[in-house]
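My numbering numbers the first residue of the sequence shown as 1 and each following residue consecutively. From the three backbone atoms N, C-alpha and C, an ideal C-beta is built for every residue, glycine too.
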Amino acid sequence: MRAVVLGGGIAGLTAGWALASSGAGTTVIEAAPFAGGLASGFRDRGYTFDLFSHRLWTRDPEVLRLVESWVGEPLLARRKVSRILLEGRLYNYPIDLRDLLSVRSGRLALRALAGYAGARLAGGTGGEDYRTYLEARYGGPLFDTFFGPYTEKLTGCRAQELSIDLAIGAVPAAGLVAQLVHRLIGRTDPWDDFLYPRGGFMEIPEGMARAFRRAGGSLLLAHRLRTIRCRGGRVRHIEVESADGRVATLEADQVVSTIPPAALL
């Protein structure tokens with residue numbers, strides 16, 4: 001079987017590696033000159049910089065085993081420290097009561113506390129998207145001041161367009177009071193712990209690309225999807241274009257797309 005995977009990010013590399021490992025002749029197409037997508041990064045003067053904020057949380061031993069096999073060494077366990085810069089001051093993310101009481105605007109603090117209390121008393125579990133879930137947990141004022149602007153700036157998407165899954169992973173189950181107590185007594189909250197490769201997050205996609213090639217796969221970097229040719233209701237081959245304008249045709253019995261739907265269409 002000949003398989004083509006569109007997109008060489010984490011999802012595309014995973015699909016390509018699984019297909020190649022099962023014996024399929026697999027090619028992964030990636031428009032960027034490097035694999036990994038937003039999970040990649042760059043190195044400069046001995047330092048590694050991530051392109052995006054990434055941390056690895058997993059309780060799945062198989063996932064952890066695979067990642068460590070790709071990286072080539074055990075991952076480091078680290079404590080997450082996140083801050084939001086608002087009106088010239090740094091606040092914890094997620095915010096706790098100390099942050100809330102220290103905001104410069106007393107009116108904002110009162111509105112946020114009232115909104116939070118109202119949300120907790122209402123006992124709502126949240127809606128179907130990022131915004132409604134966090135508003136039900138923290139109240140509208142806190143969302144509009146902290147969670148919403150931070151998330152929309154980070155992702156470039158409106159909060160109501162984001163999945164509830166992202167909201168569940170973005171904040172701990174504990175509320176403002178519990179977060180404050182945990183921080184004051186130094187209690188370890190599993191939500192604050194994450195795994196990270198010693199050489200930067202980009203070591204994961206780099207290791208995946210090596211494993212994919214060892215399995216017999218072909219990784220075409222700096223190649224863009226040009227055309228998908230179908231016949232009889234099935235994809236027959238695709239055309240890709242390299243950075244220097246050369247066009248190549250790839251026969252395909254199976255195509256897996258991990259690129260944005262708009263780009264695919």
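Suppose the cutoff is 6 Å on Cβ atoms and the five residues either side in sequence are ignored; what does the same chain contact list for residue i look like?
i	result
Trp57	Phe194
Phe290	With the chain covering only 1 through 265, there is no way to say anything about residue 290.
Ile259	Leu6 and Gly7
Gln160	Asp129 and Arg131
Val171	Pro94
Phe147	Leu134
Ser257	Leu6 and Leu264
Ala15	Val5 and Val256
My guess is that residue i and residue j are in contact by the Cβ rule of under 8 Å, so how many angstroms apart are they, rounded?
i	j	result
Leu225	Val235	Not confirmed; about 12 Å, so no contact.
Ala252	Leu13	So it is not a contact: roughly 18 Å between Cβ atoms.
Gly140	Gly106	The Cβ separation is near 18 Å, so there is no contact.
Beta-carbon within less than 7 Å of residue i's beta-carbon, same chain only, minus the 5 sequence neighbours each way: which residues are those?
i	result
Ala215	Trp17, Ala20 and Ser21
Phe201	Ala39, Gly41, Asp50 and His54
Arg79	Asp192 and Asp193
Thr145	Leu108 and Ala112
Trp70	Ile204, Gly207, Met208 and Ala211
Under the three-state reduction of DSSP, which class applies to residue i: helix, strand or coil?
i	result
Gly118	helix
Leu76	strand
Ile259	coil
Thr27	strand
Phe52	coil
Leu36	The question names Leu, but residue 36 in the sequence shown is Gly. In this structure, Gly36 counts as strand in the three-state DSSP scheme.
Arg226	strand
Ile84	strand
Tyr130	helix
Residues in its own chain within less than 8 Å of residue i by CB, not counting five upstream and five downstream?
i	result
His223	Ile29, Glu30, Ala31, Val240, Glu241, Ser242, Ala243 and Ala248
Leu64	Thr58, Leu75 and Leu195
Asp60	none
From residue i to residue j, what distance separates their C-alpha atoms?
i	j	result
Leu264	Ala3	16 Å
Ile168	Leu51	23 Å
Gly37	Gly9	4 Å
Leu219	Thr26	9 Å
Glu152	Gly232	43 Å
Arg137	Asp165	14 Å
Leu113	Ser163	26 Å
Arg229	Phe212	26 Å
Val67	Leu154	25 Å
Thr48	Pro261	31 Å
Tyr92	Pro149	Looking at the sequence shown, residue 92 is not Tyr but Asn. Distance between the alpha carbons of Asn92 and Pro149: 15 Å.
Arg43	His237	36 Å
In this structure, what does DSSP give as the bridge partners for residue i?
i	result
Arg234	Arg231
Tyr47	Asp44
Ala3	Thr26 and Gln254
Glu239	Thr227 and Thr249
Asp338	Residue 338 cannot be examined here, being either before or after the span of the chain that is shown, 1 to 265.
Gly9	Gly36
Tyr91	Ile84
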